[in-house]
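K.L.:
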Amino acid sequence: MERTPIPEELQRFVLTSIPSVPFLEALLLLRGDPAQQWHPDTLARRLYIRDRMAQSLLEDLCRAGMAVRCAPPAEHCFHYQPSSTAMRRRIDQLADLYSKQLVEVTTLIHSSLERKAQQFADAFKLRKDS
Numbered sequence: 004m005e006r007t008p009i010p011e012e013l014q015r016f017v018l019t020s021i022p023s024v025p026f027l028e029a030l031l032l033l034r035g036d037p038a039q040q041w042h043p044d045t046l047a048r049r050l051y052i053r054d055r056m057a058q059s060l061l062e063d064l065c066r067a068g069m070a071v072r073c074a075p076p077a078e079h080c081f082h083y084q085p086s087s088t089a090m091r092r093r094i095d096q097l098a099d100l101y102s103k104q105l106v107e108v109t110t111l112i113h114s115s116l117e118r119k120a121q122q123f124a125d126a127f128k129l130r131k132d133s
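Residues in the sequence shown are numbered consecutively from 4, following the working numbering.
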């Protein structure tokens, strides 16, 4: 069965807004239960990662405009709340695509990471004219 290519606008969204597969998995967990208050330890257990990484992912989701901290006194938890209707729609589209084309989406995320790593490595190459 031939897969349809990832739409260009979703490719752009993934490449500019989804830094890693764990980030995407965390986003989709929060999206799956938007009323739930997510604590780092809960997310860590669900994703099989350390609490510190879960905390970092939740903070990254907030910075990306995809989640927010819960109001005091529960400020150590987070919940899904995209910053705009357009963001919510794009995340919904990505969730649908990921459910159908998991390999293609993860490959796209990894290609972005590989490109960034290569750019970083290239920055340290000695140039002949140096």
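In this text, a Cβ means the ideal position worked out from N, Cα and C, and glycines have one as well.
One question on the structure: do residue 64 and residue 38 come within less than 8 Å of each other, judged by their Cβ atoms?
P.N.:
The answer is no: Cβ separation not under 8 Å.
K.L.:
Is the distance from the Cβ of residue 206 to the Cβ of residue 94 below 8 Å?
P.N.:
An answer regarding residue 206 cannot be provided, because it is not within the stretch 4 to 133 covered by the chain.
K.L.:
Sorted by chain position, which residues of the same chain lie with C-beta nearer than 6 Å to residue 44's C-beta, five sequence neighbours on each side aside?
P.N.:
Excluding positions up to five away in sequence, the list reads 54.
K.L.:
When you compare only the Cα positions, how much space is there between residue 101 and residue 72?
P.N.:
Taking the straight line from one Cα to the other gives about 26 Å.
K.L.:
When burial is assigned at 16 or more other CB atoms within 10 Å of the CB, is residue 51 buried or exposed?
P.N.:
With fewer than 16 other Cβ atoms within 10 Å, it is exposed.
K.L.:
Using the three-state DSSP reduction, which class does residue 89 fall into: helix, strand or coil?
P.N.:
Residue state, collapsed to three classes: helix.
K.L.:
May I ask you to report which of helix, strand or coil DSSP gives residue 55?
P.N.:
Correct three-state label for residue 55: helix.
K.L.:
In or out: residue 140 buried (at least 16 other Cβ within 10 Å) or exposed?
P.N.:
In the structure as shown, the chain begins at 4 and stops at 133. Residue 140 is therefore absent and cannot be evaluated.
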